[in-house]
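The number in the numbering used here is simply the position in the sequence shown, starting from 1, with 482 added.
This report refers to the structure that appears directly beneath it.
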Amino acid sequence: MICTACKRFWRDSSGAAAIEFALIAMPLMLFTFGIIEIGRLLFMQQQLTYATDAAARQLYIDPTTPAATLSSAIVDDLFLGDPLRLTVTVGTVAAQAGTNSFQTIRLTVDYDFQSVAPDLVIDAVPLSFERTVIVAN
Numbered sequence: 483m484i485c486t487a488c489k490r491f492w493r494d495s496s497g498a499a500a501i502e503f504a505l506i507a508m509p510l511m512l513f514t515f516g517i518i519e520i521g522r523l524l525f526m527q528q529q530l531t532y533a534t535d536a537a538a539r540q541l542y543i544d545p546t547t548p549a550a551t552l553s554s555a556i557v558d559d560l561f562l563g564d565p566l567r568l569t570v571t572v573g574t575v576a577a578q579a580g581t582n583s584f585q586t587i588r589l590t591v592d593y594d595f596q597s598v599a600p601d602l603v604i605d606a607v608p609l610s611f612e613r614t615v616i617v618a619n
């Protein structure tokens, strides 16, 4: 009796598809979410590159533009990004001897990319962009 029940249990394949799906579902979901998060990261990197270049062009036009104005322009160009994670720094690089007719301005944009599913795929990726603008005094 027990032997026939064991044979019948081993021959029964009525739940094979559910078990196979259970084994494959988790790696498949991790792979899918990983692709989505890497795509979001590359999209955010491209947006920040464009916004940093636009802010550098603004500095070429008007070197006295304050950092708050540049920061708000970058936030306006940022789509689907959190403005609270954005840091904009504008600084003047010390001029070397003999080059007093030009001013060098360094624009740095830092952004902490946070994954939608933290600790699952990507925890936090710091994105940093820097542009150097040389303008005439």
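Glycine included, C-beta positions come from ideal geometry on N, C-alpha and C.
- Between F595 and R567, the CB-CB gap stays under 9 angstroms.
- Collapsing the DSSP output to three states places L512 in a helix.
- Cβ neighbours of A606 within its own chain (closer than 6 angstroms, five residues either side excluded): D594, Q596.
- Membership of T571 in the beta strand (DSSP E) is indicated by the continuous run 568-575.
- For S554, the uninterrupted alpha helix (DSSP H) segment begins and ends at 549-559.
- Counting other Cβ atoms within 10 Å of its Cβ, T534 reaches 16 or more and is therefore classed as buried.
- For the 9 angstroms CB-CB criterion, A550 and A537 do not form a contact.
- The beta carbons of Q540 and T531 sit no closer together than 9 angstroms.
- Comparing alpha carbon positions, the residue from L562, V557, G563 closest to V570 is V557.
- Distance between T514 and Q585, taken at the CA atoms: about 48 angstroms.
- Q528 and R493 have their C-alpha atoms roughly 56 angstroms apart.
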